[in-house]
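Asker: Please read through the structure below; I'll follow up with questions.
2 protein chains.
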Amino acid sequence: MARRTAEEAEQTKQAIAAAAKQLFIQQGYQATSMEQIRESSGMSKGSIYYHFKSKEQLFMYLLELNMVDWIYKCTERFKLASTATEKLYAIAHHFAHDFENPLMQASMEFSGTKGADPEVIEKIVEMSKFPLPLILDVIQEGIKLKEFAEDDPEKLALLLYSILGGLGIIQFDNYSLEEIESIHRKAIDVFLNGIRA
Amino acid sequence: MARRTAEEAEQTKQAIAAAAKQLFIQQGYQATSMEQIRESSGMSKGSIYYHFKSKEQLFMYLLELNMVDWIYKCTERFKLASTATEKLYAIAHHFAHDFENPLMQASMEFSGTKGADPEVIEKIVEMSKFPLPLILDVIQEGIKLKEFAEDDPEKLALLLYSILGGLGIIQFDNYSLEEIESIHRKAIDVFLNGIRA
DNA sequence: CATTTATTAGAACGATCGGTCAGTATAATT
DNA sequence: AATTATACTGACCGATCGTTCTAATAAATG
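Chains A and B supply the protein sequences, listed in that same order.
Residues 1 to 197 in the UniProt record's numbering are what the first sequence lists, from first letter to last.
Residues 1 to 197 in the UniProt record's numbering are what the second sequence lists, from first letter to last.
Structure below.
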C-alpha cells in the first residue's frame with residue numbers, strides 16, 4: 001500500500017501526531033523514541049519522516065497545536081466570566097483539567113537537549129510561556145476595576161503562573177481529580193485573598 | 001597513574017559527583033551522558049564506574065546528598081526564626097537561592113525514563129517531595145499559634161510547595177537574582193495575606 | 001622486597017538513537 | 001493510456017548511548 005488520497009494522508013499525519021503527543025506526555029521528549037512513535041502509530045519510519053522532517057519539528061508541531069487550542073478554550077471560558085475574579089477561577093479550572101496539556105513539562109525538559117537546534121529551543125521556551133499574557137491581562141483588568149489591590153501586575157502574573165504551573169507539575173499520585181480541582185480552587189482562593197482590594 | 005590513597009580516591013569520587021551534578025542541573029538527566037561526565041570531570045570511564053555502579057545510582061547519590069544538605073540548611077535557618085511567618089520567609093529565601101538545588105527538575109524528568117529501575121524511580125519520586133513535611137510542620141505550627149486562619153494544613157502545604165516549586169522551574173532568563181528574590185518574597189506576601197488569621 | 005589489592009585508563013561492546021534512502025504502489029494529471 | 005507526483009515501506013546508516021573488561025600502575029600489606 002502507498003499513495004493515499006490527500007485526506008487519508010492527513011489522517012496518517014494526525015495518527016502520528018496523536019501517538020507522539022501521548023508518548024511525549026507520558027514519557028517526556030527525550031525518553032520517547034521515533035521507534036516508539038512508529039510502533040504506537042502503526043505507521044512506518046519513512047511515513048513519519050515524510051510528514052515531519054525531524055523529531056524536533058514534530059514536537060514543535062504538537063506544541064503549536066496545543067497552544068492554539070489552549071488559548072481558544074480559555075478565551076471561550078472568559079466569555080462566561082464577568083469579573084476578573086471569575087476569570088482567574090476559569091484559568092485555574094483550565095489548568096486543573098489540563099491533563100491534556102502537560103506537554104509543558106516535556107517542553108521544559110526539551111530545553112536541555114544537547115544537539116538541539118538553538119532556534120527551535122528559543123521558539124519552544126517562548127512558546128511555553130504563552131499563558132502569561134492572558135493572565136497578565138486579567139490581573140491588570142482586576143486592578144483597574146478595583147477588584148484587586150494596587151500592585152505590580154507583572155509580578156503577580158508571574159506568581160500566579162508559577163502557582164498554576166507548579167500545581168501542574170506536582171506528582172498527584174494518590175489524588176483524585178476532585179481533590180486536584182479542590183487544590184487548584186484553594187490556590188485561587190488564597191491568591192485572591194492575598195491580593196484583594 | 002593509578003592507585004591513589006584512600007583520600008585521593010575520595011577526591012576523585014567527589015570530582016565526578018560535582019561534574020555530574022552540574023551537568024544534570026544544566027541539561028537534565030537524560031540529556032547528560034556518561035561521556036560528558038567523564039570529559040567534564042577529567043576522569044576515565046573506568047573510574048566513574050568504579051565509584052558508581054550505574055548512571056542511575058550516581059544520580060541517586062547526588063539526590064541524597066542534596067536532600068540532606070537542603071534539610072540541614074533549612075533547619076539551621078529555622079533557628080533564627082521565632083514565628084511560623086518568619087519560617088515561611090526563610091523557606092522562600094531558601095528556594096529562591098536554590099540554584100544549587102534544581103536537581104528537582106532533573107528528578108521529575110527522570111521518572112519518565114524508559115528502562116529505569118522501578119525501585120529507583122519510586123525512591124526518586126519519594127525523595128523529590130522531601131521539603132513537604134517541613135512546610136507542613138510550619139503551617140501546622142502557624143495555625144496552632146493562631147498566626148494563620150484555621151484551614152486544611154495538608155492542602156496549604158501542598159499549595160505552598162507548588163508555588164515555590166513552580167517559581168523554581170520558571171525560566172528566569174532575563175531576571176536578576178534580586179528580582180527573583182523579590183518575586184519569591186512576593187509569593188510569601190500574597191500567600192501569607194491569603195491565609196492570615 | 002614481594003605480593004596483594006585498590007584505583008585508574010581507555011579500548012571495545014551490543015543496543016539504540018535519530019535520520020536517510022532506494023524502491024514501490026497508487027492517486028492525480030495530462 | 002502514459003506519465004508524474006505523492007504517500008508510504010522497511011532495510012540500513014553512522015553516531016552515541018550506558019556499560020564492561022583487560023591491563024597498567026602504585027599504595028598497602030606481609
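Glycine included, C-beta positions come from ideal geometry on N, C-alpha and C.
Computed from a prediction, not measured in an experiment: that's the story for all the values here.
1) Is the segment 119-128 of chain B touching the segment 56-66 of chain B, taking contact as three or more C-beta pairs under 8 Å?
2) Quick one: Cα of A:P118 to Cα of A:F110, how far?
3) In chain B, which residues lie with their C-beta within 7 Å of the C-beta of A:A31?
4) Name the residue from A:M34, A:M43, A:Q36, A:A31 whose alpha carbon lies nearest to the alpha carbon of A:Q14.
5) What are the residues in the segment 164-175 of chain B lying within 7 Å of chain A by C-beta distance?
6) Closest Cβ-Cβ distance between B:Y72 and chain A: below 9 Å?
7) Just to confirm, are A:A97 and A:E181 a CB contact at a threshold of 9 Å?
8) Going along chain B in order, which residues have a C-beta closer than 8 Å to the C-beta of A:K155?
9) What are the boundary residues of the alpha helix (DSSP H) that A:Y61 is part of?
10) Less than 8 Å between the CB atoms is what I'm expecting for B:I25 and B:I37, so what's the real figure, rounded?
11) So, under 8 Å CB-CB, B:V138 and B:K73 are touching, yes? Tell me the CB distance rounded to an integer number of Å.
12) If you drop the 5 nearest sequence neighbours on each side, which residues of the same chain put their C-beta closer than 6 Å to that of B:A161?
13) Anything in chain B within Cβ reach of A:F191, meaning under 7 Å, just list it in chain order.
14) Under three-state DSSP, which class holds B:F172?
15) If you draw a straight line from the C-alpha of A:E154 to the C-alpha of A:V120, how long is it?
16) In whole angstroms, what separates the C-alpha of A:G142 from that of A:T83?
17) For A:N174, count neighbouring Cβ atoms within 10 angstroms of its own Cβ and tell me buried if that reaches 16, exposed if not.
18) Which one of B:A90, B:A116, B:E56, B:A19 has the shortest CA to CA distance from B:F78?
19) For chain A, find out if any of its Cβ atoms is closer than 9 Å to the Cβ of B:Y89; answer yes or no.
20) Can you tell me which of the three DSSP states A:G46 falls into?
21) Is the CB-CB distance between A:K21 and A:E35 below 9 Å?
22) Check whether the Cβ atoms of B:G166 and A:I169 sit closer than 9 Å, and answer yes or no.
23) For B:M127, which residues in chain A fall below 8 Å Cβ to Cβ?
24) For A:R185, name the three-state secondary structure that DSSP assigns.
25) Please report how far the alpha carbon of A:E64 lies from the alpha carbon of A:K123, in whole angstroms.
26) Would B:Q30 and A:Q30 qualify as a contact pair, given that the criterion is a beta-carbon distance under 9 Å?
27) So, is the C-beta of A:D152 closer than 9 Å to a C-beta in chain B?
28) Could you tell me whether the Cβ atoms of A:K114 and A:A197 are closer together than 9 Å?
29) Distance check for B:T12 and B:A6, CA to CA, integer angstroms please.
30) Just reading off the alpha helix (DSSP H) that B:F95 is part of, what are its end residues?
31) Of the residues A:L80, A:W70, A:T75, A:A9, which one's Cα is nearest the Cα of A:H51?
32) At a CB-CB cut-off below 7 Å, which residues of chain A make contact with B:M108?
33) Look at the Cβ atom of residue 207 of chain B, then the Cβ atom of A:G194, and state whether they are nearer than 9 Å.
34) May I have the straight-line CA-CA distance separating A:I16 from A:L23, to the nearest angstrom?
35) Indicate whether at least one CB of chain B lies closer than 9 Å to the CB of A:S54.
Answerer: With the given structure in hand:
1) yes
2) Position 118 of the first sequence, counting from 1, holds the residue named residue 118 of chain A. Position 110 of the first sequence, counting from 1, holds the residue named residue 110 of chain A. Spanning the two alpha carbons is a distance of roughly 11 Å.
3) In the first sequence, counting from the first residue as 1, residue 31 of chain A sits at position 31. Under the 7 Å cutoff, chain B gives Q30, G112, T113, K114.
4) Taking the first residue of the first sequence as 1, we reach residue 14 of chain A at position 14. It is A:M43.
5) G165, G166, L167, I169, I170, Q171
6) The residue labelled residue 72 of chain B in the question sits at position 72 within the second sequence. Cβ-Cβ to chain A under 9 Å: no for B:Y72.
7) For this step, residue 97 of chain A is matched to residue 97 along the first sequence. For this step, residue 181 of chain A is matched to residue 181 along the first sequence. What sits at residue 97 of chain A in the sequence shown is His, not Ala. Yes, these two residues count as a Cβ contact at 9 Å.
8) As a first step, residue 155 of chain A is located in the first sequence; it is residue number 155 there, counting from the start. Residues of chain B passing the Cβ test: S182, I183, K186.
9) As a first step, residue 61 of chain A is located in the first sequence; it is residue number 61 there, counting from the start. Residues 55-78.
10) One-based indexing of the second sequence puts residue 25 of chain B at position 25. One-based indexing of the second sequence puts residue 37 of chain B at position 37. No, B:I25 and B:I37 are not in contact; Cβ-Cβ is about 13 Å, not under 8 Å.
11) The count along the second sequence starts at 1 and reaches residue 138 of chain B at position 138. The count along the second sequence starts at 1 and reaches residue 73 of chain B at position 73. Incorrect: roughly 15 Å between the Cβ atoms, too far for contact.
12) For the purposes of this step, residue 161 of chain B is identified with residue 161 of the second sequence, where counting begins at 1. Per the sequence shown, the amino acid found at residue 161 of chain B is Tyr instead of Ala. Excluding residues within five positions, the ones whose Cβ falls inside 6 Å are L132, I135.
13) Here residue 191 of chain A corresponds to residue number 191 of the first sequence, with the count starting at 1. Near A:F191 (Cβ distances below 7 Å), the residues of chain B are V190, G194.
14) Counted from its first residue, the second sequence places residue 172 of chain B at position 172. Of the three classes helix, strand and coil, the one that applies to B:F172 here is coil, per DSSP.
15) In the first sequence, the residue the question calls residue 154 of chain A occupies position 154. In the first sequence, the residue the question calls residue 120 of chain A occupies position 120. So the two alpha carbons sit approximately 26 Å from each other.
16) Taking the first sequence and counting its residues from 1, one reaches residue 142 of chain A at position 142. Taking the first sequence and counting its residues from 1, one reaches residue 83 of chain A at position 83. Near 8 Å, if we compare the C-alpha coordinates of A:T83 and A:G142.
17) Here residue 174 of chain A is taken as the residue at index 174 of the first sequence, counted from 1. Per the 10 Å Cβ criterion, exposed.
18) For the purposes of this step, residue 78 of chain B is identified with residue 78 of the second sequence, where counting begins at 1. That would be B:A90, whose Cα lies nearest to the Cα of B:F78.
19) The sequence position of residue 89 of chain B within the second sequence is 89, counting from 1. Answer no: the Cβ-Cβ gap between B:Y89 and chain A never drops below 9 Å.
20) As a working mapping, residue 46 of chain A is identified with position 46 in the first sequence. Here A:G46 sits in helix by DSSP.
21) Walking along the first sequence from the start, residue 21 of chain A turns up at place 21. Walking along the first sequence from the start, residue 35 of chain A turns up at place 35. No.
22) On the second sequence, position 166 is the one that residue 166 of chain B refers to. On the first sequence, position 169 is the one that residue 169 of chain A refers to. Yes. Within cutoff.
23) The residue given as residue 127 of chain B occupies position 127 in the second sequence. In chain order: nothing, as chain A lies at least about 11 Å away.
24) Walking along the first sequence from the start, residue 185 of chain A turns up at place 185. The answer is helix: DSSP assigns A:R185 an H, G or I state.
25) Working through the first sequence from its first residue, we reach residue 64 of chain A at position 64. Working through the first sequence from its first residue, we reach residue 123 of chain A at position 123. So the alpha carbons of these two residues sit roughly 10 Å apart.
26) Here residue 30 of chain B refers to the residue found at position 30 of the second sequence. Here residue 30 of chain A refers to the residue found at position 30 of the first sequence. In this structure, A:Q30 lies closer than 9 Å to B:Q30 by Cβ.
27) Within the first sequence, the letter at position 152 stands for residue 152 of chain A. Output row for A:D152: interface = yes.
28) The residue given as residue 114 of chain A occupies position 114 in the first sequence. The residue given as residue 197 of chain A occupies position 197 in the first sequence. No, Cβ-Cβ distance for A:K114 and A:A197 is not below 9 Å.
29) In the second sequence, residue 6 of chain B corresponds to position 6, counting from 1. In the second sequence, residue 12 of chain B corresponds to position 12, counting from 1. One C-alpha to the other measures close to 10 Å.
30) Numbered from 1 along the second sequence, position 95 holds the residue referred to as residue 95 of chain B. 84-96 is the extent of the alpha helix (DSSP H) around B:F95.
31) Sequence index remark: in the first sequence, residue 51 of chain A carries index 51 (1-based). Closest by alpha carbon: A:A9.
32) To locate residue 108 of chain B, count along the second sequence from 1; it is residue 108. Here the neighbours are I169.
33) Any answer about residue 207 of chain B is impossible in this case: the structure gives chain B only from 1 up to 197.
34) Along the first sequence, one-based indexing puts residue 16 of chain A at 16. Along the first sequence, one-based indexing puts residue 23 of chain A at 23. The straight-line gap from Cα to Cα measures roughly 11 Å.
35) Sequence index remark: in the first sequence, residue 54 of chain A carries index 54 (1-based). Chain B, which has no Cβ nearer than 9 Å to the Cβ of A:S54, makes this no.
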